[in-house]
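Visitor: My questions will all concern the structure given below.
And the structure:
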């Protein structure tokens, strides 16, 4: 799931490119065969272009091999391997950072969800208290000040719940971001969409 994160994908692509460069440097140790070809038809008149007698072709192979490089290819391979090792270390660091982000975001989300549940229970208790206090006032056993005080507590609990739910939503978004969920791939990038 973390592979969907853009930073992980970028580090992975960089590592793949650096690994390919090691292969290119290693391939330079071997001979290269190149074929050069020319095809032509000639003549002094346009009707001569249809005769196969005037057809000519040249094929020229070229063999290139730098076997007297005195260790340059080996040095290039070692340099490419060093660059690849650096890219691999950066990839591992990106993955570890993503895991750390995801773990932290998940922990915050769980804690916030527990907090919201506690505040929701407090709000329900404040609602019951306000309802009972209103009934007591109608029965004549509670004063208006008591009713207003419980309504104030009810409104305060409602505000606390709204703030906690907003924070929970923010933590949910942060969790989605840390897990690499919900992003859209750029057109033509070849990436799959979640």
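Numbering (this note's numbering), first residue to last: 920 to 1113.
Virtual Cβ for every residue (Gly too), placed ideally from N, Cα, C.
Using C-beta distances below 6 Å, list every residue in its chain close to residue 1002, excluding the 5 sequence neighbours before and after it, in chain order.
Guide: Counted from its first residue, the chain shown places residue 1002 at position 83. So the list reads 937, once near-sequence residues are dropped.
Visitor: Below 8 Å, can you find three or more Cβ-Cβ pairs linking the region 1058-1068 to the region 1077-1097?
Guide: At 8 Å Cβ cutoff, the stretches do not touch.
Visitor: Exposed or buried, which one is residue 1078 when buried takes at least 16 other CB atoms within 10 Å?
Guide: Residue 1078 sits at position 159 when you count from the first residue of the chain shown. With fewer than 16 other Cβ atoms within 10 Å, it is exposed.
Visitor: When we look at the beta-carbon of residue 1099 and count the other beta-carbons within 10 Å, is it buried (16 or more) or exposed?
Guide: Here residue 1099 refers to the residue found at position 180 when the chain shown is read from its first residue. Label assigned to residue 1099: buried.
Visitor: Alpha carbon to alpha carbon, how far is residue 952 from residue 965? Give it in angstroms, no decimals.
Guide: Taking the first residue of the chain shown as position 1, residue 965 is located at position 46. Taking the first residue of the chain shown as position 1, residue 952 is located at position 33. When rounded, the distance between both Cα atoms is 37 Å.
Visitor: Rounded to the nearest angstrom, what separates residue 1010 and residue 933 at their Cα positions?
Guide: As a working mapping, residue 1010 is identified with position 91 in the chain shown. As a working mapping, residue 933 is identified with position 14 in the chain shown. Roughly 8 Å between the two C-alpha positions.
Visitor: For residue 1049 and residue 921, which I take to be in contact (beta-carbon distance under 8 Å), what is that distance rounded to the nearest angstrom?
Guide: Within the chain shown, residue 1049 is the residue found at index 130, counting from 1. Within the chain shown, residue 921 is the residue found at index 2, counting from 1. Actually they do not touch by this definition, with Cβ atoms about 47 Å apart.
Visitor: Residue 1080 and residue 1042: beta carbons closer than 8 Å?
Guide: The residue given as residue 1080 occupies position 161 in the chain shown. The residue given as residue 1042 occupies position 123 in the chain shown. Yes. Within cutoff.
Visitor: In this structure, does DSSP put residue 1061 in helix, strand or coil?
Guide: Reading the chain shown from its first residue, position 142 is the one you call residue 1061. Of the three classes helix, strand and coil, the one that applies to residue 1061 here is coil, per DSSP.
Visitor: I'd like the list of long-range same chain contacts for residue 956, defined as Cβ closer than 8 Å, with 5 residues on each side in sequence excluded.
Guide: Your numbering for residue 956 matches position 37 in the chain shown. Taken in chain order, the residues that qualify are 976, 977, 978 and 979.
Visitor: Excluding the 5 residues preceding and the 5 following residue 999 in the sequence, name in chain order all residues of the same chain whose CB lies nearer than 7 Å to its CB.
Guide: The residue given as residue 999 occupies position 80 in the chain shown. Counting only Cβ-Cβ distances below 7 Å, and skipping sequence neighbours, we find 940, 941 and 944.
Visitor: Helix, strand or coil for residue 961 per DSSP?
Guide: Position 42 of the chain shown, counted from the first residue, corresponds to residue 961. Residue 961: coil per DSSP, three-state reduction.
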